[in-house]
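Residue numbers (this note's numbering): 1 to 342. We put the CB at the ideal spot given by N, CA and C, even for glycine.
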């Protein structure tokens, strides 16, 4: 009886260990950029590699099979899952509709089960990133920074960023009210907001990026933000009047940022606060004179680099008015990072 009980205990331990291996394999796949469907594929491959439980393995003998219970348990074959997943992922952007602008959105899935854990559980692991697997930086955003995103549309950018660097220090905001977000983007927004929440990120709605008081309302318990991001600001239109309106919006945005950005005087341990603005590299957007607008408000250009949509898994392109027409791509987009002048 003692041997039988011991064999059953070993079987239970082995079964638990196998489940943990499968769950870990799924998390690794999702963390490496495979995202939802590919994580499910890896989980299936892991189950196939494990194979069905054989009758001669511990725990397979019936309650009356004393002979099987008395056998020395065979050592289980180690489970190795080789991932061939790429890093491609959808991307998104959205344009602004009023002063304060709209921006990037969406993404995030809901309730997909992989080896006993949902993909959103992967987002929740280690604050949205798997320790030792995901990089702790994406574009201008670092996991140690207090980050504010303005002009979100369907919140897919925020959700994608939170899967890479975690969401505990991330606040994402939209000009739209929550009801407007739901009406415009539906399940895209629901999935993204759920993913952001599971990553311990925060979402605010009805935030005008040109108003300092609105940005202050996003601070919560922190004294200031280290990085403020605005992706694809655009009030709409392509006329000369539209260009002037967009310039005025960006001036207001930079002026408001100065009120909530970290400085050496407000936080000696932090680096100077940064503002990251992403625009498509076309003649229309270049005509706005972004660098000159920033300079007028006391900022200088620190660095420029291409916008890499692969850094933000699940980023879905979306306009502020999704019914208008399809969103332009992000292939020819550039992120400019500004700091305050010394």
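In the pairwise beta carbon analysis, the stretch 235–246 is classified as not touching the stretch 200–212: fewer than three pairs are separated by under 8 Å. If the five residues before and after residue 216 are omitted, its C-beta is found closer than 8 Å to the C-beta atoms of 259 and 260, all from its own chain and listed in chain order. Residue state for residue 179 is assigned as helix, using DSSP reduced to three classes.
Minimum Cα-Cα distance from residue 146 among the listed residues 227, 240 and 247 corresponds to 227. Looking at the backbone, the Cα of residue 157 and that of residue 256 are separated by about 22 Å. For residue 299, the enclosing beta strand (DSSP E) has its first and last residue at 299–306. Contact between the stretch 183–192 and the stretch 135–155 is established, with three or more Cβ pairs separated by less than 8 Å.
Residues 149 and 276 of the same chain have their beta carbon placed closer than 6 Å to that of residue 229, with the five preceding and five following residues left out of the count. For residue 222, there is no enclosing beta strand (DSSP E), since its DSSP letter is neither H nor E. Inclusion of residue 302 and residue 280 in the CB contact set at 9 Å is not warranted, their separation being larger than that value.
Of the residues assessed, residue 300 falls on the exposed side of the cut-off, its CB having fewer than 16 other CB atoms within 10 angstroms. Distance from the CA of residue 296 to the CA of residue 136, rounded to the nearest whole angstrom, comes to 33 Å. Of all alpha-carbon atoms in 170, 182, 212 and 220, the one lying nearest the alpha-carbon of residue 197 is that of 170.
Counting only runs of 4 or more residues that sit fully inside the stretch 242–277, no alpha helix (DSSP H) segment turns up. Where residue 158 is concerned, the enclosing alpha helix (DSSP H) starts and stops at 156–165. Inter-residue distance for residue 167 and residue 218 is about 14 Å (C-alpha atoms, whole angstroms). Put simply, the backbone Cα of residue 243 is about 8 Å away from that of residue 287. The three-state reading of DSSP puts residue 193 in helix, counting H, G and I together. Between the alpha carbons of residue 173 and residue 208 lies a distance of about 9 Å.
Nearest neighbour of residue 308 by Cα position, chosen from 293, 292 and 332, turns out to be 332. As computed with DSSP, residue 202 is found in a beta bridge with 171. For residue 232, no beta strand (DSSP E) segment is defined, and its DSSP state is neither H nor E. Around the beta carbon of residue 253, a 10 Å sphere encloses 16 or more other beta carbons of the protein chains shown; the residue is thus reported as buried.
For residue 336, the enclosing beta strand (DSSP E) starts and ends at 333–340. Its chain contains 254 and 338 as the residues whose beta carbon lies nearer than 6 Å to that of residue 294, once the 5 sequence neighbours on both sides are disregarded; these appear in chain order. In the DSSP assignment, residue 295 falls within the unbroken alpha helix (DSSP H) covering 290–296. From the listed residues 285, 214 and 223, the smallest Cα separation to residue 231 is found for 285.
By the C-beta density criterion, residue 342 is exposed, having fewer than 16 other C-beta atoms within 10 angstroms. Pairing residue 249 with residue 278 gives a Cβ-Cβ distance that is not under 9 Å. Straight-line spacing of the CA atoms in residue 298 and residue 340 works out to 6 Å. Straight through space, the alpha carbons of residue 186 and residue 272 are spaced by roughly 37 Å.
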